[in-house]
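Heads up, the thing below is written out as structure tokens.
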Amino acid sequence: MRVRIRGIPLWAWAAAAALYFGVAAAAVEFAWNRAIDALAEVGAHRLDLYAASLKSELGRFEMMPAIVARQDSVRAMLGAGSRASPDLVREVDTYLEAVNNDAGSLAVDVIDLQGEVIAASNWNQSLSFVGTNVSYRPYFKDALAHGTGRFFGIGTNTGMPGLYFASAVRDAGKPIGAAAVKLSVDALEAAWRAPGEAAMVIDSNGVIVISTVPAWKFTALRPITAQQQRDIQASRQYAGRNVDVLAYRRVDDWNGSAWLGRFPDWRRAGRSTQFLVMSRPAPQAGDSMMVLLDVAGARRQQQLALAFVTAAFVIAGLYALYAAQRRRAIAEKLKAQDALRIANDRLEMTVAQRTAALTATNERMHQEIVERKRTEQRLRDTQQEVVHAGKLAVLGQMAAGLTHELNQPLVAIRTLCDNARTFFERNQPAQAVANLERVAKLVDSMAVLTGELKAFARKPDVERVAVSLAEAVAHARLIYEARIRDEGVQLDVDIPAGSTVWAESSQLQQVIVNLLGNALDAVHDEHRRIIRIHAAEPDARDRVLFTITDSGPGIAPEVLAHLFEPFVTTKPRGQGLGLGLAITSRIVEGFGAKISAANRTDSGTDSGERNGAQFTIEFAAAMSQRVVHGR
Ligand code: ADP
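Numbers given in the numbering used here equal positions in the sequence shown, counted from 1, plus 96.
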């Protein structure tokens, strides 16, 4: 499993940390090296300065003992030894006093071969050197042995530290004594004192003899051997003091002339500090001189470098985090876009599939519509034919009634014509004319009858107009006039005056003829033959309810459910085709009206009949203004 922190893998964090530590260590090292190198340069410069000041400060006194040794009075005094006159000694004393005053040294004295000071610049002071024996002092021994001597020591009389230069006094090449000068190093120490630095001179014993740090004076930098300790005590070099070793620690070598060491810090008591230590030989004053330079500045450089590297890493780290976050955000955005694109593609595919399915369905539906239309057209054609056939069938049925209807006037016309001829032959023209007028009337009524038949047989006019219900009923009644009369049927018509409905005149007549014909058939075998035709006033929905009720046996139950289907009949062969109601219902639908049939079970209010069928047509009421008469 790959562990990530803030979107960055763990190994990257580890690598960054390793890089940081590496770079920080290198930067710190580099800063340290540079700073210490710079410090070493400063140290070298300082040492140059100190060496120069040593040379100039001490050089003034170096030749003094040799000059004193050449003084005639000095040589005379030494040559005379114990026989020297007090005046001569006084002369030498005053000479030495004058020289000491002029040169600014601590003291100048003359020593005999036994090491006794016989004349001194401080001859007249309480702490005079005169009479002191310095035979144990190395500078005296060296002067007698090698001509010159040099020594740092603390005065046995004065207790003051100082540098001694000595020179042999010779007579005819043989030493007869020595001249010595003691000088103070206070001025040097004061001049060398600089902040944060310690400068010192170390003698051949490794003991600090000149130091800008007073506490370190007469402490040793290296352990003192037993022999050295004995020599020191013998020469009373440090006035009998015990020489301690300075508590310092060498930490590291820097280069040939410098090293790093931890020393007690003279500026802060009880603390130790690291210094860069540099030294070089200093033959004028002792063995070597040394300078200690505080490395605090170098430490600060290190800290600065570390801070710089840390800051750089923090900035780089923040940038890396920012970049990682940005990369993550972009990746997420791309992912979201991809997801969106895929979803979109899927959606488009689905849409394409659905569209194809819809197109196919649409195509199918279109074909079905075409097919339906074709079927509908065929049906309509068939319906027209059936309606027409139905009319013809009704015509056929009516033929018998019509024959009777026409035969009667024809017989009457025949008789009237025969009578008219007889009246003419008897020369009674008035009676003959009266007969002919009756004949004319009969012919007129026959013409009306045939006109009805013509209108009935005509193919329907499909345009709907406002048709008077009362007139349509009157036409139907006329057709069945003879039957109604002959069979003694009571026909009650109750239609409000001016009642008009949306229909087609000849078709409406056909509908009423059909229904009235059925009703006449139904009441034929009944004792009471009543047919009632009724129309109501238009209701709130502009509907006109038109009913034909008979006192017949009612519609047979097995017929009722299929009443308006073609070829449904209960009548004997030759009397009914079962087309009448089928045609009627199609025509009624064509008007936008509705036909229904039911058997009456309860009694009528006034007639008392209990059974019988009732046909109801729900017409759309028309405006009474445009009445079209049914012809
Ligand atoms: P058809 O008169 O040739 O039989 P119709 O379609 O006019 O054809 O009538 C179908 C059948 O409906 C009739 O045979 C008859 O049984 C029944 N019918 C129609 N009108 C009435 C009515 N007023 N009373 C009883 N039965 C009726």
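Just so you know, even glycine gets a beta-carbon here, dropped at the ideal spot from N, CA and C.
Quiz item: Regarding V482 and ligand 1, is the C-beta to nearest heavy atom distance less than 7 Å?
Solution: No, Cβ of V482 sits at least 7 Å from all heavy atoms of ligand 1.
Quiz prompt | Three-state class that DSSP yields for A566 in the structure shown | solution = helix
Quiz item: Taking the DSSP output, what are the residues bridged to D340?
Solution: DSSP, once it has assigned bridges, lists T315 as partnering D340.
Quiz item: Any idea if V466 is buried or exposed, counting beta-carbon neighbours within 10 angstroms, 16 or more meaning buried?
Solution: exposed
Quiz item: When you compare only the Cα positions, how much space is there between R625 and I575?
Solution: In a straight line, the C-alpha of R625 is about 18 Å away from that of I575.
Quiz item: By the 10 Å Cβ neighbour count, where 16 or more other Cβ atoms means buried, how is H571 classified, buried or exposed?
Solution: buried
Quiz item: Touch check for the segment 242–257 and the segment 227–234: three-plus C-beta pairs under 8 Å?
Solution: yes
Quiz prompt | T369 to P105 span [Cα, whole Å] | solution = 44 Å
Exercise. Please find out if some non-hydrogen atom of ligand 1 comes closer than 7 Å to the beta-carbon of K469.
Key: Relative to ligand 1, even the nearest heavy atom lies 7 Å or more away from the CB of K469.
Quiz item: Among R696, S331 and W128, which has the Cα closest to the Cα of L356?
Solution: W128
Exercise. Please confirm whether L192 and A216 have their CB atoms less than 8 Å apart.
Key: yes
Practice problem: Could you check the C-alpha separation between A636 and E600 for me, to the nearest Å? | Solution: 23 Å
Exercise. Indicate whether I304 and L317 have their beta-carbon atoms separated by less than 8 Å.
Key: yes
Self-check item: Test item: CB-CB of A295 and V387 under 8 Å
Solution: yes
Quiz item: Quick one: what's S307 bridged to in DSSP?
Solution: According to DSSP, residue pairing for S307 in a beta bridge involves M296.
Quiz prompt | Where the alpha helix (DSSP H) through Q524 begins and ends | solution = Where Q524 is concerned, there is no enclosing alpha helix (DSSP H), given that its DSSP letter is neither H nor E.
Self-check item: Ordered list of alpha helix (DSSP H) runs contained in the segment 319–382, each at least 4 residues
Solution: 322–331
Practice problem: Say yes only if the C-beta of A502 is nearer than 7 Å to one or more non-hydrogen atoms of ligand 1, and no if none qualify. | Solution: It is worth fixing the name first, because residue 502 is Leu in this sequence and not Ala. Incorrect: L502 has no Cβ contact closer than 7 Å to ligand 1.
Quiz item: What are the boundary residues of the alpha helix (DSSP H) that includes D198?
Solution: P182 to A199
Exercise. Tell me whether I575 counts as near ligand 1, meaning its Cβ is closer than 7 Å to at least one heavy atom of that ligand.
Key: No, the Cβ of I575 stays beyond 7 Å of every heavy atom of ligand 1.
Quiz item: CB of N707 to nearest heavy atom of ligand 1: below 7 Å?
Solution: no
Self-check item: Validate contact between the segment 362–376 and the segment 132–141 using beta carbons, cut 8 Å, 3 pairs
Solution: yes
Quiz item: With respect to 7 Å, is the separation between the Cβ of L675 and the closest non-hydrogen atom of ligand 2 below this value?
Solution: What this structure holds is ligand 1, not ligand 2.
Self-check item: Span of the beta strand (DSSP E), counted from its first residue to its last, around R639
Solution: Run containing R639: R639 to D646, per the beta strand (DSSP E) assignment.
Quiz item: Any chance the segment 407–417 sits against the segment 174–183, with 3 or more Cβ pairs inside 8 Å?
Solution: no
Quiz item: Which value, in whole angstroms, describes the spacing of the CA atoms of A456 and T446?
Solution: 15 Å
Exercise. Decide yes or no for the touch test of the segment 114–122 against the segment 424–442: beta carbon pairs closer than 8 Å, at least 3 of them.
Key: no
Quiz item: What first and last residue would you give for the alpha helix (DSSP H) that runs through A709?
Solution: Run containing A709: none in the alpha helix (DSSP H); it sits in the beta strand (DSSP E), A709 to A716.
Exercise. Let me know if G255 comes out buried or exposed under the rule of 16 or more other beta-carbons within 10 Å of its beta-carbon.
Key: With fewer than 16 other Cβ atoms within 10 Å, it is exposed.
Self-check item: Proximity test, D646 beta-carbon vs ligand 1 heavy atom, cut-off 7 Å
Solution: yes
Practice problem: Examine the Cβ distances between the segment 270–286 and the segment 152–168 and report whether three or more of them are shorter than 8 Å. | Solution: Touching, yes.
Quiz item: Where does the unbroken beta strand (DSSP E) through I691 begin, and where does it stop?
Solution: K690 to N695
Quiz item: Taking the alpha-carbon positions, what's the R363 to G393 distance?
Solution: 16 Å
Quiz item: Should N614 be listed as close to ligand 1, given that the test is whether its C-beta is under 7 Å from any heavy atom?
Solution: Flag set: Cβ of N614 near ligand 1.
Quiz prompt | Per DSSP, the bridge partner or partners of Y235 | solution = BP columns for Y235 are empty, so no partner.
Quiz item: Nearest to Y116 by alpha carbon, out of V206, F157 and F404?
Solution: F404
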